[in-house]
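Notes follow once the structure below has been shown.
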Amino acid sequence: MELKSRVPDGPVAEKWDKRKFDMKLVNPANKRKYTVIVVGSGLAGASAAASMSELGYNVKNFCFQDSPRRAHSIAAQGGINAAKNYPNDGDSIWRLFYDTVKGGDFRSREANVYRLAQVSVQIIDQCVAQGVPFAREYGGLLANRSFGGAQVSRTFYARGQTGQQLLLGAYQALEKEIAKGGVKMYPRTEMLDLIVVDGRARGIVVRDLVTGKIESHLADAVVLGTGGYGNVFYLSTNAKGSNVTAAWRAHKRGAAFANPCYTQIHPTCIPVSGDHQSKLTLMSESLRNDGRVWVPKKAGDTRAPNQIPDAERDYYLERKYPSFGNLSPRDIASRAAKEVCDEGRGVGPGGRGVYLDFADAIRRLGKDKIAERYGNLFEMYERITAENPYEVPMRIYPAVHYTMGGLWVDYNLMSTIPGLHVIGEANFSDHGANRLGASALMQGLADGYFVIPLTIGDYLGSNKLEPVSADHPEVRAAEAAVVERTKRLLSINGKRSVTSFHRELGKLMWEYCGMARTADGLKHALQEIPKLREEFWQNLTIPGTGQELNQSLEHAGRVADFFELAELMCIDALHREESCGGHFRVEHQTPDGEAKRNDEQFAYVAAWEYKGVGEPPVLHKEPLEFENVHLATRSYK
Amino acid sequence: MNLILHVWRQAGANAAGRFERYEARDVSADMSFLEMLDVVNEGLIANGQEPIAFDHDCREGICGMCGMMINGTAHGPMKMTTTCQLHMRSFKDGDELWIEPWRARAFQVVKDLVVDRSAFDRIIQAGGFVSVNTGAPQDANAIPISKQVADDAMDAAACIGCGACVAACPNGSASLFTAAKVSHLGLLPQGQPERYRRALKMVAQMDLEDFGHCTLFGECQEACPKGISIDFIARMNHDYLRAVATQREETAAGGTG
Amino acid sequence: MSWFVNLYRSTIGKKIIMAVTGLIGIGFVLVHMLGNLQVFIGQDKFDAYAAMLHGPLAEVVWGLRIVLIVAVVLHVLMAWQLTQRARAARPVDYRMREPQVSTWASRTMRWGGVLLLVFIVFHILHFTVGVIDPAHAFHETDALGRHDIYGDVVASFRIWWVSAFYIVAMIFLGLHLFHGAWSSLRTLGVAHPSAHPLKRRISAAIAIIVWLGFTLVPLGVIAGIVH
Numbered sequence: 004m005e006l007k008s009r010v011p012d013g014p015v016a017e018k019w020d021k022r023k024f025d026m027k028l029v030n031p032a033n034k035r036k037y038t039v040i041v042v043g044s045g046l047a048g049a050s051a052a053a054s055m056s057e058l059g060y061n062v063k064n065f066c067f068q069d070s071p072r073r074a075h076s077i078a079a080q081g082g083i084n085a086a087k088n089y090p091n092d093g094d095s096i097w098r099l100f101y102d103t104v105k106g107g108d109f110r111s112r113e114a115n116v117y118r119l120a121q122v123s124v125q126i127i128d129q130c131v132a133q134g135v136p137f138a139r140e141y142g143g144l145l146a147n148r149s150f151g152g153a154q155v156s157r158t159f160y161a162r163g164q165t166g167q168q169l170l171l172g173a174y175q176a177l178e179k180e181i182a183k184g185g186v187k188m189y190p191r192t193e194m195l196d197l198i199v200v201d202g203r204a205r206g207i208v209v210r211d212l213v214t215g216k217i218e219s220h221l222a223d224a225v226v227l228g229t230g231g232y233g234n235v236f237y238l239s240t241n242a243k244g245s246n247v248t249a250a251w252r253a254h255k256r257g258a259a260f261a262n263p264c265y266t267q268i269h270p271t272c273i274p275v276s277g278d279h280q281s282k283l284t285l286m287s288e289s290l291r292n293d294g295r296v297w298v299p300k301k302a303g304d305t306r307a308p309n310q311i312p313d314a315e316r317d318y319y320l321e322r323k324y325p326s327f328g329n330l331s332p333r334d335i336a337s338r339a340a341k342e343v344c345d346e347g348r349g350v351g352p353g354g355r356g357v358y359l360d361f362a363d364a365i366r367r368l369g370k371d372k373i374a375e376r377y378g379n380l381f382e383m384y385e386r387i388t389a390e391n392p393y394e395v396p397m398r399i400y401p402a403v404h405y406t407m408g409g410l411w412v413d414y415n416l417m418s419t420i421p422g423l424h425v426i427g428e429a430n431f432s433d434h435g436a437n438r439l440g441a442s443a444l445m446q447g448l449a450d451g452y453f454v455i456p457l458t459i460g461d462y463l464g465s466n467k468l469e470p471v472s473a474d475h476p477e478v479r480a481a482e483a484a485v486v487e488r489t490k491r492l493l494s495i496n497g498k499r500s501v502t503s504f505h506r507e508l509g510k511l512m513w514e515y516c517g518m519a520r521t522a523d524g525l526k527h528a529l530q531e532i533p534k535l536r537e538e539f540w541q542n543l544t545i546p547g548t549g550q551e552l553n554q555s556l557e558h559a560g561r562v563a564d565f566f567e568l569a570e571l572m573c574i575d576a577l578h579r580e581e582s583c584g585g586h587f588r589v590e591h592q593t594p595d596g597e598a599k600r601n602d603e604q605f606a607y608v609a610a611w612e613y614k615g616v617g618e619p620p621v622l623h624k625e626p627l628e629f630e631n632v633h634l635a636t637r638s639y640k
Numbered sequence: 039m040n041l042i043l044h045v046w047r048q049a050g051a052n053a054a055g056r057f058e059r060y061e062a063r064d065v066s067a068d069m070s071f072l073e074m075l076d077v078v079n080e081g082l083i084a085n086g087q088e089p090i091a092f093d094h095d096c097r098e099g100i101c102g103m104c105g106m107m108i109n110g111t112a113h114g115p116m117k118m119t120t121t122c123q124l125h126m127r128s129f130k131d132g133d134e135l136w137i138e139p140w141r142a143r144a145f146q147v148v149k150d151l152v153v154d155r156s157a158f159d160r161i162i163q164a165g166g167f168v169s170v171n172t173g174a175p176q177d178a179n180a181i182p183i184s185k186q187v188a189d190d191a192m193d194a195a196a197c198i199g200c201g202a203c204v205a206a207c208p209n210g211s212a213s214l215f216t217a218a219k220v221s222h223l224g225l226l227p228q229g230q231p232e233r234y235r236r237a238l239k240m241v242a243q244m245d246l247e248d249f250g251h252c253t254l255f256g257e258c259q260e261a262c263p264k265g266i267s268i269d270f271i272a273r274m275n276h277d278y279l280r281a282v283a284t285q286r287e288e289t290a291a292g293g294t295g
Numbered sequence: 021m022s023w024f025v026n027l028y029r030s031t032i033g034k035k036i037i038m039a040v041t042g043l044i045g046i047g048f049v050l051v052h053m054l055g056n057l058q059v060f061i062g063q064d065k066f067d068a069y070a071a072m073l074h075g076p077l078a079e080v081v082w083g084l085r086i087v088l089i090v091a092v093v094l095h096v097l098m099a100w101q102l103t104q105r106a107r108a109a110r111p112v113d114y115r116m117r118e119p120q121v122s123t124w125a126s127r128t129m130r131w132g133g134v135l136l137l138v139f140i141v142f143h144i145l146h147f148t149v150g151v152i153d154p155a156h157a158f159h160e161t162d163a164l165g166r167h168d169i170y171g172d173v174v175a176s177f178r179i180w181w182v183s184a185f186y187i188v189a190m191i192f193l194g195l196h197l198f199h200g201a202w203s204s205l206r207t208l209g210v211a212h213p214s215a216h217p218l219k220r221r222i223s224a225a226i227a228i229i230v231w232l233g234f235t236l237v238p239l240g241v242i243a244g245i246v247h
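Read top to bottom, the protein sequences are chains A, B and C. For any residue, its number in my numbering is found by taking its place in the first sequence, counting from 1, and adding 3. For any residue, its number in my numbering is found by taking its place in the second sequence, counting from 1, and adding 38. For any residue, its number in my numbering is found by taking its place in the third sequence, counting from 1, and adding 20.
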């Protein structure tokens, strides 16, 4: 396996223009002869499917939900970054690029990040033209807010529902193309394997989740926009259905998986309330604009928050990071919360929580202003916890939120399998070891609206693709493998439910491959995970059959893949002997507890090649060069 | 707390359904309604029975996938709340709950509490968009939009497409859903060129999908987890009436060149 | 006319037809009520008013009657069609559905409407045509030889079940207008957006005025004020 990043030559600011000019084009009349499969209908998938259909390609779009509008992008709250510099505070494409590379702790590919910053500007224009109701000032112009990891206000938002509004924009564009006949939509359909013919991705095998029918769809190229794998931890802010299956199946068919250990732990989530917990709810990072994070100075202080005088509170983010304070980047804020809780200063049941206090902001701005900014978030918090955040400080704790790792892609967003492209959170390319707030929406839409519609043409235009028939042995083999695996899952007839396995795997991962990782812990996890996986395949029970809607069966297939991914994550985390961004190795920290990178040995992308279940994967390295942003210790002090 | 559940079980679209009685024991007040069902399902699986199928995904009240009638109320007793965000502290020990799927001809039961809401997608396909392709639109700030208009449009755009409006409507009408999209786009300057055509097409599709009509009972507004106002229905009616009065036959003439 | 066909076929169009015909009805009802209240001025004025409607204004009255008949027919036809449609839209009903905010008035539009239709037929047969003549007073004339509507009203409302039927029917008319006056403006899309769209002060006033205005007549007869 060779990792060819295919980054264009020349200055970073000209690379994308150069690539756009050098790319092979497909003549408009010929586009309709090509079929492209898009898996996933979130920001990346829906925008890609719509945009490619607008260009004239035949698109088939698949999602496991009942409608493309349900994709988990919808849950993003805070906003989307763009280097518009509307507030005149010194923002620029270069600054967004710089902030993103630095925020990613120098583990992302410069050229990709620069392109992301460049097209960010177009995204906002596009979304406004589609009718996305972004927040506005009284003068009628777009409003901006600031977000973690940046010192400029470059975040556009639609109340606390930015992801929803952007997704509905993309969804509406998609429905427009479905109505025209350019896109054929397959909801409640899950991709279960990738079809590779002569080394090229030529289709997918899917299961109709209502009828259980397993069938193949063939195409000239396949695009995965299937999101991240945070649900390997069982408890995360991801939707219950979010899974790694599509990406993992592609990985098993030859696509390298890059940096799987980079997981983002979001600092502001509602703490776990009990064993029944099925998911964690994020409170938008934007709350940190006005909320102050603190814990009691004294360990074991059980007084009610209002009873603790200011002098006995530790506003630890403001203390440790005076210039960014409560707006420190996510990884730093999360780790700091874990630290104070480990010291016994955590609050709430179980001591796993810190306060996010709005008392000062309410005093300064008035309750109405705070209600206007965060009203819906406060309501959501009260619904879940029965506590009123206008009166009592919120309790928050970090939770798994986003995965920076994903399938390895080149500059054109193509994986190591020719023809298989990966966009959005499912790829690894733009966020390095840590993603800044309001950048996920930006990346999903950049890839879907502005990158893949062009690069797909380059692939189709520069390769001669022979037609593949439905009877091709590779197609038949892939189908048979899916049928076989489904049968196997249904015939275990053991005693334990899939949820119980998932929960146990999640606990292992959170404990040993979570916010702080040690070599010993990871080695321990690498012994435990295969044991649990063995048990899964021997003691699982799935009621019902495969010829109907069977949610246990769907879940089981996903958890089976999480087991294999979990192992790879631990292997990756163990091999990366440094701390960077969302990957914190306890052995590698500065005396004051900050992450210590090792640029000499680890300034590379770790792309893993699959060799079989339980077999050690093979590491391939893509060296990272920083020609524009100088490698520096990331400091937010 | 302990609860008694009567849950609608139906094996498939064409199968006959019935209520089954289950006991939910040791339910914590901090559980969400769906987490309570998770626990019931784990118990069923342990007994080798099929778990209750229900749609859900984000579990934070925004994806619109979950939804069921709980004691005759869409999404249960708490206002402005989806089923996944409804917590068990809204109930008390010994409560008996009747849990039914959304019922409408347009929302066929797929299994148990899962229904098919693809009619909503088709209503959007009929015109719930602005016909701009990805490309080079003008600068985002080129057209100022008053804050009031942007806020009103956002109020309408907040719809999550869960279907509670249809479920709660005595007539099984999808007017609130359709009106929300007609109004969101019809309020904004970007939506003006297609405003009347959109209203016409979306209403026609809504009728084609066998939804009932609007009698302005107001039940939809009350059931809506996002509190979308029935005033948007008045707005849709206005746009529709104007569209009917001013429509012209669409011809291909003068378009291409 | 294709626009009318489209309108007629769509659910919103049917509702618009109901709203327009309903508003015509409200206008008629208000005028009718004002006419009725002249009964309190005395027999002479009241019979003169009746004579004027049948004499110099007969053509106008017939014109209005035709409008009204068409309105009622359309209103009932649309209600019938939409009711069928609503039934079809939910072929399997809930075991339990708890109304949250819908008013009793809105939920009795259908049965209340049927009752009103029965009432209208009865009322026409009673006071307009005289086929139903419980007081045997329809063919009486007053001192000036005019048709003695006044006497018929007084004699009829002295019969307890006639008064009871009119009073009950007027309660349903009030309820019908309470929902109808409010919803017709929203159906026509001319209502202003409101922070509390379910509040309906004007239609409540119309409903109470109409109910009171019509009910005062039988009450006046029963109380002996009109005799």
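Glycine included, each C-beta is placed from N, C-alpha and C at the ideal position. If you're wondering where the values come from, they're calculated on a predicted model, not measured in any experiment.
So residue i is in the alpha helix (DSSP H); what residue range does that whole segment cover?
i, result
"residue 567(A)", "554-578"
"residue 28(C)", "22-29"
"residue 213(B)", "213-225"
"residue 114(A)", "113-133"
Please name the residue, chosen from the options, that lies closest to residue i on a Cα-to-Cα basis.
i, options, result
"residue 584(A)", "554(A), 639(A), 494(A), 452(A)", "639(A)"
"residue 333(A)", "312(A), 353(A), 232(A), 150(A)", "150(A)"
"residue 635(A)", "84(A), 42(A), 109(A), 45(A)", "109(A)"
"residue 79(A)", "548(A), 445(A), 504(A), 490(A)", "445(A)"
"residue 71(A)", "539(A), 186(A), 321(A)", "186(A)"
"residue 437(A)", "308(A), 36(A), 270(A)", "270(A)"
"residue 34(A)", "141(A), 441(A), 57(A)", "57(A)"
"residue 126(B)", "85(B), 146(B), 69(B), 116(B)", "69(B)"
"residue 135(C)", "85(C), 187(C), 160(C), 104(C)", "187(C)"
Beta-carbon within less than 6 Å of residue i's beta-carbon, same chain only, minus the 5 sequence neighbours each way: which residues are those?
i, result
"residue 170(C)", "63, 66, 67"
"residue 100(A)", "116, 117, 120"
"residue 43(A)", "228, 229"
"residue 202(C)", "220, 223"
Kindly list the residues whose CB is nearer than 7 Å to the CB of residue i, restricted to its own chain and excluding five residues on each side of it in sequence; keep chain order.
i, result
"residue 227(B)", "181, 183"
"residue 295(B)", "A caution first: residue 295(B) carries a pLDDT of 41, below 50, which makes its placement in the model too unreliable to give a value."
Looking at residue i: is its Cβ nearer than 8 Å to the Cβ of residue j?
i, j, result
"residue 425(A)", "residue 410(A)", "yes"
"residue 529(A)", "residue 235(A)", "no"
"residue 219(A)", "residue 478(A)", "yes"
"residue 172(A)", "residue 135(A)", "yes"
To which residues of the same chain is residue i closer than 8 Å at the C-beta, ignoring the five residues directly before and after it?
i, result
"residue 293(B)", "Caution applies to residue 293(B), whose pLDDT of 46 falls short of 50 and renders its modelled position unreliable; the value that the coordinates give is listed next. Excluding sequence neighbours, residue 293(B) sits near nothing in its chain."
Which residues mark the beginning and the end of the beta strand (DSSP E) in which residue i is found?
i, result
"residue 405(A)", "397-406"
Original post:
For the stretch 438-514 of chain A, which segments carrying the alpha helix (DSSP H) assignment without a break, of at least 4 residues, lie completely within its bounds, in sequence order?
Top reply: 443-448, 455-465, 476-493
Original post:
Which ranges does the alpha helix (DSSP H) cover as unbroken runs of at least 4 residues, wholly within the stretch 321-363 of chain A, from first to last along the chain?
Top reply: 333-345
Subject >> Completely contained beta strand (DSSP E) runs for the stretch 598-635 of chain A, where each covers 3 or more residues >> reply: 607-612, 621-626
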